[in-house]
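Asker: Using this note's numbering, the first residue of the sequence shown is number 50, and each one after it goes up by one.
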Amino acid sequence: MSAKIAIIGSGPSGFYAADTFAKKLPDYHIDIIERLHTPFGLVRAGVAPDHQGTKNVTRQFERTMQNENVRFIGNVEIGRDVSYGELKELYDIVFLAIGAAKDRKLGIAGEDLKGVYGSAAFVGWYNGHPDWVELSPQLGPDGVAIIGNGNVAIDIVRVLAKSSEEMEGSDLCVHAEDAIRRTNIKDFYMIGRRGAAQAAFTPSEANELGHLAHCHPVILNDDLTQAPAEDDPKDQKNKEKNMEILRGLASQERADKEKTLHMQFWAKPIAILGETNVEGLRLERTTLVDGRVKGTGETFDIKVSTVISAIGYDTNGFDDLPMDGSIVKNNDGLVEEGVYVAGWCKHGPQGTIPTNRKESMEMAKIAIENYNGPSDKAGPNGLDKLLTDRGVTPVDFENWKRLETDENNRAREGRVREKIVHF
Ligand SMILES: Cc1cc2nc3c(=O)[nH]c(=O)nc-3n(C[C@H](O)[C@H](O)[C@H](O)COP(=O)(O)OP(=O)(O)OC[C@H]3O[C@@H](n4cnc5c(N)ncnc54)[C@H](O)[C@@H]3O)c2cc1C
50 MSAKIAIIGS GPSGFYAADT FAKKLPDYHI DIIERLHTPF GLVRAGVAPD HQGTKNVTRQ
110 FERTMQNENV RFIGNVEIGR DVSYGELKEL YDIVFLAIGA AKDRKLGIAG EDLKGVYGSA
170 AFVGWYNGHP DWVELSPQLG PDGVAIIGNG NVAIDIVRVL AKSSEEMEGS DLCVHAEDAI
230 RRTNIKDFYM IGRRGAAQAA FTPSEANELG HLAHCHPVIL NDDLTQAPAE DDPKDQKNKE
290 KNMEILRGLA SQERADKEKT LHMQFWAKPI AILGETNVEG LRLERTTLVD GRVKGTGETF
350 DIKVSTVISA IGYDTNGFDD LPMDGSIVKN NDGLVEEGVY VAGWCKHGPQ GTIPTNRKES
410 MEMAKIAIEN YNGPSDKAGP NGLDKLLTDR GVTPVDFENW KRLETDENNR AREGRVREKI
470 VHF
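#1: Go through its chain and collect everything with a Cβ distance to Trp393's Cβ below 6 Å, but skip five positions before and after it.
#2: From the DSSP secondary-structure annotation, give me the bridge partner or partners of Ile192.
#3: What are the partner residues of Phe237, as DSSP defines its beta bridges?
#4: Given this structure, state the Cα-to-Cα distance separating Ile240 from Leu322, to the nearest angstrom.
#5: Secondary structure at Tyr77, three-state DSSP: helix, strand or coil?
#6: Do three or more CB pairs link the segment 364-382 to the segment 118-138 at distances below 8 Å?
#7: Using C-beta distances below 7 Å, list every residue in its chain close to Lys343, excluding the 5 sequence neighbours before and after it, in chain order.
#8: Taking only runs of the alpha helix (DSSP H) that begin and end inside the segment 104-172, which ones reach a length of at least 4 residues, in chain order?
#9: Which partner residues does His396 have in the DSSP bridge list?
#10: DSSP on Asn379, reduced to helix/strand/coil?
#11: For the segment 222-271, list the beta strand (DSSP E) runs that are entirely contained and at least 3 residues long, ordered along the chain.
#12: Below 8 Å, how does it come out for the segment 436-449 and the segment 133-145: are there three or more Cβ pairs, yes or no?
#13: I need the DSSP call for Ile417, collapsed to helix, strand or coil.
#14: Tell me which same chain residues have a C-beta within less than 6 Å of the C-beta of Thr232, skipping the five on either side of it?
#15: Rounded to whole angstroms, what's the CA-CA distance from Val206 to Gly387? Just pull it up for me.
#16: Pick out whichever of Gln275, Asp220, Asn380, Ile196 has its Cα sitting closest to the Cα of Leu310.
#17: Can you tell which of Lys414, Ser212, Ser375, Pro443 has the C-alpha that lies nearest to the C-alpha of Ala262?
#18: Need the endpoints of the beta strand (DSSP E) that Arg334 sits in, please.
#19: Give a single yes or no on whether Thr103 has its beta carbon closer than 7 Å to a heavy atom of ligand 1.
#20: Out of Ala245, Asp99, Met114, Tyr166, state which residue places its alpha-carbon closest to the alpha-carbon of Phe89.
#21: Does the beta carbon of Asp204 fall short of 7 Å from some heavy atom of ligand 1?
#22: So, helix, strand or coil for Ala55, using DSSP?
#23: Taking Ile360 as part of the beta strand (DSSP E), name the residues at either end of that continuous run.
#24: According to DSSP, is Pro485 helix, strand or coil?
#25: Evaluate Met50 with the Cβ neighbour count: other Cβ atoms within 10 Å of its Cβ, from every protein chain shown; 16 or more gives buried, anything less gives exposed.
#26: Since Thr348 sits in a beta bridge, which residues does DSSP pair it with?
#27: What residue does the beta strand (DSSP E) around Val96 start on, and which one ends it?
#28: Assuming the contact rule is C-beta atoms closer than 8 Å, Asp80 and Pro403 should be a hit. Round their C-beta distance to whole Å, please.
#29: Find the nearest neighbour of Gln301 within the set Gly259, Ala276, Lys317, judged by alpha-carbon distance.
#30: Can you list the alpha helix (DSSP H) stretches of 4 or more residues lying completely in the segment 402-451, in chain order?
#31: Applying the criterion that 16 or more other CB atoms from any shown protein chain within 10 Å of the CB defines a buried residue, is Pro75 buried or exposed?
#32: Per DSSP, which one or two residues make a beta bridge with Ser219?
#33: Compare the C-alpha of Gly463 against each of Leu85, Val338, Leu383, Glu215 and name the closest.
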């Protein structure tokens, strides 16, 4: 009898775990259960459309799917179609890799105005996530403020500031491309509570800001002389590189670029202004007091029509799954006997695909060490019966491959695919 394993979520953490189980266990059946019709989590719906090289990681996941003991079961949501309790009764190992897709709130006045979006929603919109395709964000007439100093903030700036030609080879969805081309946004603001030396973005993303054909970056309120002070030598190196890149950006000629990226350091949002729609953003200058960011009391306003917060995400829990604030409650990845967790739902929205790969593989190895041998649980047959009884029609990997071919065939000129976004 084989080990019956359910992996919930088909992002990188789910697929790397599946690969580890398949390589290390002699006899197994793995069901990768996904709420969407499509696999690959944030690789499809988060990673920027002009970063196709990063998205190529899905080729590794495709290899895992060539294994006949691994099934992809899309369009099945745990908590809606099957309960957490039922999963535990059906499978020997339940491996949770459900990510973190809920936008964190800014917690300031005006957050409910039209024109305020979280980055999960906004990025989901331009990347064709079915939850967000109808977002129809307010873009213009004035600028866009993006709160946060990480890679997601830079992605959003790039996607909004690049011309159609610069998006050549991307898979930016047509509904987003049309909406972006209809606007003529001249000013983008990236707002960070801290300084350039502490910014969370990585050098490669920062570097791309210097290569935008129509958008000139301007660094505000930071003289770029502060030396980074990180505990981790790798972080220290990255931060030093960031500073070098930013100094390069600051000395760039403006040329005839008609758009401006205002990189506003040492400022925090305190209110979003407007009656019904966003008309501006009030910021307070900040400084460090005993190593902590504090407002100085000095405020200023910027004129924007859109505010996008890119300040992190929480995990959406379900039924009686134990939660610890914004993550799944766990003890070094163990949720309870036979249930494990990895990726963004384990530790929050930090880490790239490679860092999650390492963690997820290690977690799967621990699950294998703890595994007590096969049981008489109903496993995949039990799941199939439950789904049939409930009238749920799952999407398998062959269905997905047909959909993918369709998407490739529908691609507009200069685009690699046209995502199907309505199911
Ligand atoms: C905007 C953005 C850009 C990024 N760009 C990069 C980049 O360029 N390079 C890089 O290395 N990293 C990038 N990352 C980080 C990377 O995407 C994450 O490290 C990685 O996707 C985390 O993997 P995960 O499997 O934990 O979660 P996810 O990728 O979010 O996968 C979770 C999956 O679980 C599914 N799910 C959730 N709830 C349920 C449920 N109840 N039932 C069934 N299924 C469920 C979701 O639909 C999803 O498919 C980016 C992240 C974001 C947000």
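In this text, a Cβ means the ideal position worked out from N, Cα and C, and glycines have one as well.
Answerer: In short:
#1: Gly148, Ala149
#2: Sequence check: residue 192 is Gly here, not Ile. DSSP output for Gly192 lists Val353 as bridge partner(s).
#3: Val193, Leu310
#4: 16 Å
#5: strand
#6: yes
#7: Thr335, Thr336
#8: 107-114, 133-139
#9: Bridge partners of His396: none, in fact.
#10: coil
#11: 236-240, 264-269
#12: no
#13: helix
#14: Leu188, Gly189
#15: 43 Å
#16: Ile196
#17: Ser212
#18: 329-338
#19: yes
#20: Met114
#21: yes
#22: strand
#23: Ile360 -> no beta strand (DSSP E), and no H or E assigned at all.
#24: There is no way to answer for residue 485, as the model of the chain reaches only from 50 to 472.
#25: exposed
#26: Glu333
#27: Where Val96 is concerned, there is no enclosing beta strand (DSSP E), given that its DSSP letter is neither H nor E.
#28: Not confirmed; about 25 Å, so no contact.
#29: Gly259
#30: 402-419, 428-438
#31: exposed
#32: Arg464
#33: Glu215
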